[in-house]
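Each residue of the sequence shown is one higher than the one before, starting from 11 at the first, in the working numbering. We treat Cβ as the ideally placed atom computed from N, Cα and C, and that holds for glycine. Please read these numbers as outputs of a predicted model, since none were measured by experiment.
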Amino acid sequence: MQEYRRVELYVINRSNDIDIIARSRTALKEAFLSFEGAAEEMGLRINEEKTKYLTTRESKNQQRYFQIKNFNFEALQSFTYLGSLINDNSAEIKKIILMVNKSFYGLKRQFRSQFLSTKNKIKLYKTLTRPVLVYGSETWVVTKRDEAILGVFERKILRAIFGPTNDNGEWRIKYNNKLYT
């Protein structure tokens with residue numbers, strides 16, 4: 011099994027979608043100075059108020075500002091980029107699950123309907139509900155806890171689709187391993 015080490019990333023985010031990403035503060039300063047020089051050659055200047063600083067590693071002594079030359083960039087814990095919350099995956103996953111819940115409850119009658127086949131219910135789930143759930147997931151760093159939360163939610167939907175099972179005259183919900191077979 012390949013072992014991954016946690017790498018600290020530093021980001022300077024501009025409101026007009028120019029991001030500078032580096033693995034060290036030194037590399038970030040060099041990249042920013044290069045960017046600033048290129049901007050000055052074109053007659054542009056950096057707006058300090060719209061530019062923010064973010065690090066992926068939490069530190070107890072994290073500075074409120076990051077200084078490069080005469081610029082002071084405000085440090086953020088997280089920010090929203092293209093609708094996704096950057097640097098707080100658990101909050102992002104909870105937000106997504108709330109959105110998917112709306113989709114699920116909008117389709118709940120169809121998922122529980124006896125007139126639709128299970129095959130059609132699965133198609134509804136895969137085309138209307140699951141894409142909302144996994145949108146942006148390629149950027150998440152998923153912990154075991156996050157994985158468990160997503161699994162519980164998916165099983166909730168699958169139980170609505172498959173319904174209860176009759177076991178020797180007693181009705182019960184399906185076991186987790188039976189939902190995926």
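{"Asked": "Arg157 burial status per 10 Å Cβ neighbour count (16 or more: buried)", "Found": "Reading off the sequence, residue 157 comes out as Glu, not Arg. With fewer than 16 Cβ atoms within 10 Å of its Cβ, Glu157 is classed as exposed."}
{"Asked": "Inter-residue Cα distance where the pair is Arg15 and Gln124", "Found": "Reliability fails at Arg15, whose pLDDT of 43 lies under 50, so the model's placement of it is uncertain and the value that follows must be treated cautiously. Roughly 50 Å between the two C-alpha positions."}
{"Asked": "Residue interval of the beta strand (DSSP E) (run including Arg119)", "Found": "Here Arg119 belongs to no beta strand (DSSP E); instead the alpha helix (DSSP H) covers Lys118 to Arg122."}
{"Asked": "Local Cβ density within 10 Å of Thr61, reported as buried at 16 or more and exposed below that", "Found": "buried"}
{"Asked": "Where Lys131 falls, given that 16 or more other Cβ within 10 Å makes a residue buried", "Found": "buried"}
{"Asked": "For Arg169, the three-state DSSP class (helix, strand or coil)", "Found": "helix"}
{"Asked": "Same chain, Cβ closer than 7 Å to Pro174, neighbours up to 5 away in sequence not counted", "Found": "Trp181, Arg182 and Ile183"}
{"Asked": "Beta bridge counterpart(s) of Glu180 as assigned by DSSP", "Found": "Asp177"}
{"Asked": "Simplified DSSP state of Ile31, which is helix, strand or coil", "Found": "strand"}
{"Asked": "Rounded separation between Glu102 and Ala48 - CA only", "Found": "35 Å"}
{"Asked": "Segment contact, 8 Å Cβ cut-off, at least three pairs: the segment 132 to 148 with the segment 104 to 117", "Found": "yes"}
{"Asked": "Reduced DSSP secondary structure (H/G/I, E/B, other) of Phe76", "Found": "strand"}
{"Asked": "Boundaries of the alpha helix (DSSP H) in which Ile132 is found, first to last residue", "Found": "Thr128 to Leu134"}
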